[in-house]
Amino acid sequence: MRTTRGALFVPASIGLGLATVMLIGLLAGSTVPTSLSAAGLQRPSPALGRYVAPGRPNAVPTPLSPAGSISANYSNAQAKAAPIQADAPARCPLGLKSVRQLDPAGGAASTVCSGYVTSFDGTPLSTDVTIPDGSRGPLPLMVMLNGWGDNKSNFEATSLKGNSSPYTYHWNNAWFASQGFAVLNYTARGFWHSCGKVPLPGAPSEGGVTASDPVYLTEPGCAGRQSWTHLADRRWEVRDAQTLVGKLVDAGVANPNEIVVTGDSYGGGQSWMLAMSADQVMRRNGTTEPWVSPKGTPIHLAAAIPLFGWTDLLQALDDNGGGSIAQAQAADSPPATSHILPYGVEKLSYVSGLFALGEATAQYAPAGTHPSADLSAWFAAIGAGEPYAADPIVKEAVTQLTKYRSAYYMPVPDPAEAVPVFTVQGVTDPLFPAIQSIQMEQRLRSAYPGYPVWTVLADVGHSYADNPPAVWRRILDQANLWLDDVLSHKQPAQPKMEIATVACTPPPEHPVVQR
């Protein structure tokens, strides 16, 4: 199966030149047709599915889909997730405890199992696993990675429509459990209850729990380990995700060949790195080994859906305005150094704001003691301004950001090992703008023209992006349809590049005048 999946995908349906022209036109305010329209969604609403609890309805059709239509592409659905007993609560794995039952309107009941699961180095990570009631594994597994400063609740909800974030519509643990997935939500290393800090009373808290002391000082499992945030390092945070997945495979919860990863912002950057890892785990010394479970089962990432994350973290934080990539470039070589030399100009407000946000909920490494994760020293050195070239701390920061934290600088996987990617990026996002996806697509397709990557650009993401709920609903419905096809080993119907035009709504004091 794995030897043929690279042949399932056709070359891009839209050339890079045309995509660039469309993007320039969009940013200039011209009218650009978008394929994210009602006409582009006239397919059945996805059930993705493998399993729906006996006696319970399938997920309701989306507003943009024909009423009553449900996709069921997996012929071996019942073999993969055979029902035991209608509505039987799920049995929690890995020593986790059942903390709540989900019974969303229009969906299926599931059990949320919660507690701590130790990562590869023994660091305890605050973890939730949502399992459809009455199911029997192994199930496809959806891994949902939180944003910077956030926690495992990012993509958790009690409704199929999600929580207060517009990008959780049909994109949350209740939704995917209703589609027959087991769902892994955990708080990233060094944040909140994963050896970070819980804000003092009066600030938002994780799971309704607050603490007056940093968790890393009160939780014994955090002591004596590098339990602080490593800023999405492949050797640490990405490996954390791979470790937890491996444990769920060994527990019989997750199918090792049906692992899907998604995440927003900080989690989006890690989703990209997982997609480019070619099922390899990076050790702390920088060497790699095959991704296998603790008991030795090989694991394969089936798909990745990054939401407004980065591909080049250096460019995102200290952009020098350099070109994106040399077109004639070997797939196994690093990209051109145009983003690295000369050093760029710091996005001061963003870098300062992100550092402060981390200080509120994260554990940082002691300054000056761990050069691979010395966020405090990097922040001070870059904030000091030019000249950068002579500062060894800045040089180390640049190396760390490009070598261990950016998918853009990773070798392009061989076509037979390519992981399909559906990436969503913001044309109005000043932190991780559209170029983060476009340059990655360039790099992948310059190596292999038919690389399985799909890109959606819209008014979404950070800061002054408007994030219209209607646009997110369309995007996420498209993502569900795409994922249904990928897991069913079909060629996705979506165009390789889609752009949703930005609608500017005048404020009430400046109404539109009809002439």
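All residue numbers for the sequence shown refer to the working numbering, where the first residue is 1 and numbers rise by one.
Idealized CB from N, CA, C, for every residue including glycine.
As the structure is a prediction and not an experimental result, all values here were calculated from the model.
(message) Please state whether the Cβ-Cβ distance between Val-198 and Leu-141 is less than 9 Å.
(response) Indexing the sequence shown from 1 puts residue 198 at position 198. Indexing the sequence shown from 1 puts residue 141 at position 141. Pairing Val-198 with Leu-141 gives a Cβ-Cβ distance that is not under 9 Å.
(message) Going by DSSP, what residue range makes up the alpha helix (DSSP H) through Arg-100?
(response) Against the sequence shown, residue 100 aligns to sequence position 100. Here Arg-100 belongs to no alpha helix (DSSP H); instead the beta strand (DSSP E) covers 97 to 102.
(request) Would you mind working out which of Glu-289, Ala-304 and Pro-306 sits nearest Pro-298, comparing C-alpha positions? (result) The sequence position of residue 298 within the sequence shown is 298, counting from 1. The shortest Cα separation from Pro-298 among Glu-289, Ala-304 and Pro-306 belongs to Glu-289.
(request) Report yes if the C-beta distance between Ala-303 and Tyr-266 is below 9 Å; otherwise report no. (result) Counted from its first residue, the sequence shown places residue 303 at position 303. Counted from its first residue, the sequence shown places residue 266 at position 266. Going by C-beta atoms, Ala-303 is not nearer than 9 Å to Tyr-266.
(message) Taking 9 Å as the threshold (C-beta atoms), are Pro-93 and Asn-467 in contact?
(response) Against the sequence shown, residue 467 aligns to sequence position 467. Against the sequence shown, residue 93 aligns to sequence position 93. A distance of 9 Å or more separates the beta carbons of Asn-467 and Pro-93.
(message) Within the continuous alpha helix (DSSP H) that includes Asp-477, where are the two ends?
(response) Here the question's residue 477 lines up with position 477 in the sequence shown. Here the alpha helix (DSSP H) through Asp-477 covers 469 to 487.
(request) Run the CB neighbour count on Pro-220, radius 10 Å, all protein chains shown included, and call it buried at 16 or more, exposed below. (result) On the sequence shown, position 220 is the one that residue 220 refers to. That one is exposed.
(request) Can you have a look at His-230 and say buried or exposed, based on whether 16 or more other CB atoms are within 10 angstroms of its CB? (result) The residue labelled residue 230 in the question sits at position 230 within the sequence shown. It counts as buried.
(request) Let me know the secondary structure DSSP gives Met-410 once reduced to three states. (result) Within the sequence shown, numbered from 1, the residue matching residue 410 stands at position 410. Note: Met-410 maps to coil in three-state DSSP.
(request) Just grab the DSSP bridge partners of Pro-433 for me. (result) Within the sequence shown, residue 433 is the residue found at index 433, counting from 1. In DSSP, Pro-433 forms a bridge with Gly-426.
(message) Need the endpoints of the alpha helix (DSSP H) that Ile-382 sits in, please.
(response) Along the sequence shown, one-based indexing puts residue 382 at 382. Segment 375 to 383, the alpha helix (DSSP H) holding Ile-382.
(request) State the Cα-Cα distance for the pair Ser-338 and Gln-315, rounded to the nearest angstrom. (result) Taking the sequence shown and counting its residues from 1, the one referred to as residue 338 is at position 338. Taking the sequence shown and counting its residues from 1, the one referred to as residue 315 is at position 315. The alpha-carbon of Ser-338 is positioned some 10 Å away from that of Gln-315.
(message) Spatial neighbours of Ala-90 within its chain, please: C-beta separation below 6 Å, excluding the five flanking residues on both sides.
(response) On the sequence shown, residue 90 is found 90 positions in, with the first residue counted as 1. Around Ala-90: Thr-111, Ile-131 and Asp-133.
(message) Mapping the DSSP letters down to three states, classify Ile-499 as helix, strand or coil.
(response) On the sequence shown, position 499 is the one that residue 499 refers to. In this structure, Ile-499 counts as strand in the three-state DSSP scheme.
(request) Take Gly-190 and list the residues in its own chain whose beta-carbon comes closer than 6 Å to its own, dropping the five residues that flank it on each side. (result) For the purposes of this step, residue 190 is taken as the residue at position 190 of the sequence shown. Gly-196, Trp-228, Thr-229, Ala-362 and Gln-363, listed in sequence order.
(request) May I ask which residues mark the beginning and end of the alpha helix (DSSP H) holding Ala-108? (result) Here residue 108 refers to the residue found at position 108 when the sequence shown is read from its first residue. No alpha helix (DSSP H) holds Ala-108; DSSP gives it neither H nor E.
(request) Using DSSP bridges, identify the partner residues of Pro-453. (result) Within the sequence shown, residue 453 is the residue found at index 453, counting from 1. Just to set this straight, residue 453 is Val in the shown sequence, not Pro. Beta-bridge pairing links Val-453 to Val-421.
(message) Measuring CB atoms only, is the segment 456 to 463 touching the segment 404 to 424, in the sense that at least three cross pairs come out at less than 8 Å?
(response) Flag = yes, the segment 456 to 463 and the segment 404 to 424 touch.
(message) Using CA atoms only, rank isn't needed, just tell me which of Pro-214, Phe-176 and Lys-295 is closest to Leu-248.
(response) The count along the sequence shown starts at 1 and reaches residue 248 at position 248. Shortest Cα-Cα distance from Leu-248 to any of Pro-214, Phe-176 and Lys-295 involves Lys-295.
(request) Please state if the CB of Gly-269 and the CB of Ser-406 are separated by a distance shorter than 9 Å. (result) Translated into positions along the sequence shown, residue 406 becomes position 406. Translated into positions along the sequence shown, residue 269 becomes position 269. Using a Cβ distance threshold of 9 Å, Ser-406 and Gly-269 count as a contacting pair.
(message) I need the boundaries of the alpha helix (DSSP H) containing Asn-185, first residue and last residue.
(response) In the sequence shown, counting from the first residue as 1, residue 185 sits at position 185. Unbroken run through Asn-185 is the beta strand (DSSP E), 182 to 186; no alpha helix (DSSP H).
(request) Using beta-carbon positions only, say whether Pro-415 and Gly-450 come within less than 9 Å of one another. (result) Along the sequence shown, read from residue 1 onward, the residue named residue 415 stands at position 415. Along the sequence shown, read from residue 1 onward, the residue named residue 450 stands at position 450. A contact, by the Cβ cut-off of 9 Å.
(message) Does the segment 148 to 156 come into contact with the segment 272 to 288, if we say contact requires no fewer than three beta-carbon pairs (one atom in each stretch) closer than 8 Å?
(response) With a cut-off of 8 Å, the segment 272 to 288 and the segment 148 to 156 do not count as touching, because too few Cβ pairs lie within range.
(message) Nearest by alpha-carbon distance to Gly-137: which of Gly-321, Ala-418, Ala-254 and Ala-479 is it?
(response) Here residue 137 is taken as the residue at index 137 of the sequence shown, counted from 1. Ranking Gly-321, Ala-418, Ala-254 and Ala-479 by CA distance to the CA of Gly-137 puts Ala-254 first.
(request) Below 8 Å on the Cβ atoms is my guess for Gln-242 versus Val-281; work out the distance and round it to an integer in Å. (result) Position 242 of the sequence shown, counted from the first residue, corresponds to residue 242. Position 281 of the sequence shown, counted from the first residue, corresponds to residue 281. 5 Å between Cβ atoms; contact.
(message) What residue range does the alpha helix (DSSP H) around Ala-278 cover?
(response) By 1-based counting over the sequence shown, the position of residue 278 is 278. Segment: none, Ala-278 is in no alpha helix (DSSP H) and carries neither H nor E.
(message) Check whether the segment 394 to 409 and the segment 376 to 383 touch, using three or more Cβ-Cβ pairs below 8 Å as the test.
(response) Because the criterion of three Cβ pairs below 8 Å is met, the segment 394 to 409 and the segment 376 to 383 touch.
(request) Report the rounded CA-to-CA distance for Pro-433 versus Ala-500, giving the unit in angstroms. (result) In the sequence shown, residue 433 corresponds to position 433, counting from 1. In the sequence shown, residue 500 corresponds to position 500, counting from 1. Near 14 Å, if we compare the C-alpha coordinates of Ala-500 and Pro-433.
(request) Compare the beta carbon distance of Asp-264 and Leu-125 with 9 Å and say whether it is the shorter of the two. (result) In the sequence shown, residue 264 corresponds to position 264, counting from 1. In the sequence shown, residue 125 corresponds to position 125, counting from 1. No, Cβ-Cβ distance for Asp-264 and Leu-125 is not below 9 Å.
(request) Please report how far the alpha carbon of Ala-109 lies from the alpha carbon of Gly-162, in whole angstroms. (result) Your numbering for residue 109 matches position 109 in the sequence shown. Your numbering for residue 162 matches position 162 in the sequence shown. Using only the alpha carbons, I get a separation of about 15 Å.
(request) Please state if the CB of Arg-445 and the CB of His-170 are separated by a distance shorter than 9 Å. (result) Stepping through the sequence shown from its first residue, residue 170 is reached at position 170. Stepping through the sequence shown from its first residue, residue 445 is reached at position 445. His-170 places its beta carbon 9 Å or farther from that of Arg-445.
(message) On the DSSP letters alone, give me the boundaries of the alpha helix (DSSP H) that Glu-517 sits inside.
(response) Absent from the model: residue 517. The displayed extent of the chain is 1 to 515, so no value can be given.
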